[in-house]
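Visitor: Numbering (the UniProt record's numbering), first residue to last: 1 to 425.
Below: one structure in C-alpha cells.
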C-alpha cells in the first residue's frame, strides 16, 4: 500500500490510516471482470478518446456509469475533478499537466481496465477512489505535494507501478504474487517500502527517496533487473535468482545478506556504500556478467563469495582492500582489475596467485597504495595457460631527469640484460 495522510470516511483514524492497501491476488494473474461492451451504453459514453480540459466537458460524461474509451484530462481549469457516477473505465484514465487541480475524487469508481496515469499535477494534494478494485498499471509522476491517498484495500490486477516525485511517506502492504515492474523514486518523504511480491518479471528500481528509507521484500524469489540506491535497510533474504544485473550503490545500510541468491545473469555491482561493513553471498556460484566492488569504504576483505565459480565478465575491485579470497573461483572470462589503497595489500603476491589460472579474457592488473602497478597478461596456448608478467613501476624523483619516469621490464628482457652484463664483465 501507499502510505500517506489517508483520508477516510466514517472510520476512526489511527497511526496506520495513511496506508493504501494493494493486497494479494492469486497466481495466475486474475483477468479483469468480464464486460459486455455491446450492452446498452449511451453513445456519449463510448468513443476512442474523451479529451477534457473544462468543467463543462467533464459534466458531459457526468451521468455515465461506464465509459468505453480513454479518458484524457489535460490542462484542466478547475481545482476539483469529480467523477460523480462513473463506475468503470474500459480504457486508460490519464490526468496530466493541470496545475490548478488540487483534488481528484471518484466515489463509485470500481475499475480502470488499463493504466491510471497522473503526470505534472503540481498542486494535487489528495486523491480518493474508495471503491476501486481493479487497475492494471499505476503510473504517477511529478505530483510533488501529493500526500493524501484513499484507495480500496482490495485492488487487484496491478502489473506495473511507477511512483515518482510525490510527498507520500510509505509504500507497503502490497501482496501481489507477480508484477512486471516496480519503480519507486524521488519521493523525498517516503521512508517505508514493503511488498510480499514473489516475482518481478521486469525492473525493480528504488532510489532517491527518504535517506532513512527501509526496503523489505521478504518473499521475493526471482527478479529480472535490480537497481537500489539511497536506502538505509534492505531485506531480500529469499531472493534466489536475478536474470540480468544487480546494482546496489550509494546506500546507507551496514549489511547486505542474500543467503539464497545463487545466480545473477548479468553484473553484480556494489559501489559507494560507505557504511557497509558486512556482506554475505554464501550461495552465489555464477555471475553471467562482471563482479564490480568499488569504494565500499569499510570493506577490507573480499571473502564473502565462498561458492563463486564463474564470473562471465570482468573482475573489478577498488577500495581499502587488504585481502582477496575467492577460493572456488574457476573462471573469469574478462580482465581482473584491482586497485587497493591499503598498504597491507601485496599486489605482487596476489598477481602470482591462482588468479593467473582463472582469468581467460584479458589482463590482470593490480595497483597498490603507492600507485605501483603490476600487469599480467594470460593466454591459452596449446591447452596450457601461459602467464607473461610485466611490472609497471610508476614513480617520481626530485631530479628533473627522473620526474614522472615510467620504466617497464619484462622478465625475459631482464634476464637477457643480466646475461649481457655478465658477459661484458
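For each residue, glycine too, the CB sits at the ideal point set by N, CA and C.
Short of 6 Å in beta carbon distance, which residues of its chain neighbour residue 315, apart from the five on each side in sequence? Order them along the chain.
Guide: Residue 315 sits at position 315 when you count from the first residue of the chain shown. Result list for residue 315: 291, 332 and 336, in chain order.
Visitor: What is the residue span of the alpha helix (DSSP H) that residue 349 lies within?
Guide: By 1-based counting over the chain shown, the position of residue 349 is 349. Per DSSP, residue 349 belongs to the alpha helix (DSSP H) from 347-351.
Visitor: Along the chain, where does the beta strand (DSSP E) containing residue 226 start, and where does it finish?
Guide: Within the chain shown, residue 226 is the residue found at index 226, counting from 1. Here the beta strand (DSSP E) through residue 226 covers 222-229.
Visitor: Within its chain, find whatever has a CB closer than 8 Å to the CB of residue 254; leave out the 5 residues flanking it on each side and keep chain order.
Guide: Within the chain shown, residue 254 is the residue found at index 254, counting from 1. Correct list, in chain order: 275, 276, 277 and 278.
Visitor: For residue 98, does the count of other Cβ atoms within 10 angstroms reach 16, so buried, or fall short, so exposed?
Guide: For this step, residue 98 is matched to residue 98 along the chain shown. Classification of residue 98: buried, given that the 10 Å Cβ count is 16 or more.
Visitor: Considering Cα atoms alone, identify which of 130, 91, 124 and 94 is closest to residue 106.
Guide: The count along the chain shown starts at 1 and reaches residue 106 at position 106. Minimum Cα distance to residue 106 is reached at 130.
Visitor: Am I right that residue 142 and residue 120 are in contact with their C-beta atoms under 8 Å? What's the rounded C-beta distance?
Guide: In the chain shown, counting from the first residue as 1, residue 142 sits at position 142. In the chain shown, counting from the first residue as 1, residue 120 sits at position 120. Rounded, the Cβ-Cβ distance is 5 Å, consistent with contact.
Visitor: Short check: CB of residue 428 to CB of residue 108, under 7 Å?
Guide: Residue 428 lies beyond the residue range present for the chain, which begins at 1 and ends at 425; the question has no answer from this structure.
Visitor: Decide if residue 75 is buried, meaning its Cβ has at least 16 other Cβ atoms within 10 Å, or exposed.
Guide: As a working mapping, residue 75 is identified with position 75 in the chain shown. By the 10 Å Cβ count, residue 75 comes out exposed.
Visitor: Our contact map puts residue 147 next to residue 168 with C-beta atoms below 8 Å; I'd like the distance itself, whole angstroms only.
Guide: Position 147 of the chain shown, counting from 1, holds the residue named residue 147. Position 168 of the chain shown, counting from 1, holds the residue named residue 168. Between residue 168 and residue 147 the Cβ distance is about 6 Å, and since that is below 8 Å, they are a contact.
Visitor: Specify the secondary structure class of residue 154 as computed by DSSP and reduced to three states.
Guide: As a working mapping, residue 154 is identified with position 154 in the chain shown. If DSSP states are grouped into helix, strand and coil, residue 154 belongs with coil.
Visitor: What residue range is occupied by the uninterrupted alpha helix (DSSP H) comprising residue 59?
Guide: Residue 59 sits at position 59 when you count from the first residue of the chain shown. Looking at the DSSP string, the run of the alpha helix (DSSP H) that includes residue 59 is 55-59.
Visitor: Can you tell me where the beta strand (DSSP E) holding residue 234 begins and where it ends?
Guide: Position 234 of the chain shown holds residue 234. Where residue 234 is concerned, the enclosing beta strand (DSSP E) stretches over 233-235.
Visitor: Confirm, please, whether the CB-CB distance from residue 226 to residue 215 is below 7 Å.
Guide: For this step, residue 215 is matched to residue 215 along the chain shown. For this step, residue 226 is matched to residue 226 along the chain shown. No. Outside cutoff.
Visitor: Confirm, please, whether the CB-CB distance from residue 193 to residue 223 is below 7 Å.
Guide: The residue you call residue 223 lines up with position 223 of the chain shown. The residue you call residue 193 lines up with position 193 of the chain shown. No, these two residues do not count as a Cβ contact at 7 Å.
Visitor: Identify, in the order they occur along the chain, each residue of the same chain with its Cβ nearer than 7 Å to the Cβ of residue 303, setting aside the five sequence neighbours on each side.
Guide: Translated into positions along the chain shown, residue 303 becomes position 303. Cβ within range, chain order: 323 and 325.
Visitor: Which residues in the same chain as residue 132 place their Cβ atom closer than 7 Å to its Cβ, once the five residues preceding and following it in sequence are excluded?
Guide: As a first step, residue 132 must be located in the chain shown, where it is residue number 132. Once the five neighbours on either side are set aside, the close Cβ partners of residue 132 are 109, 110, 151, 152 and 155.
Visitor: So, with DSSP's three-state summary, where would you put residue 355?
Guide: On the chain shown, residue 355 is found 355 positions in, with the first residue counted as 1. DSSP places residue 355 in helix when its eight states are reduced to three.
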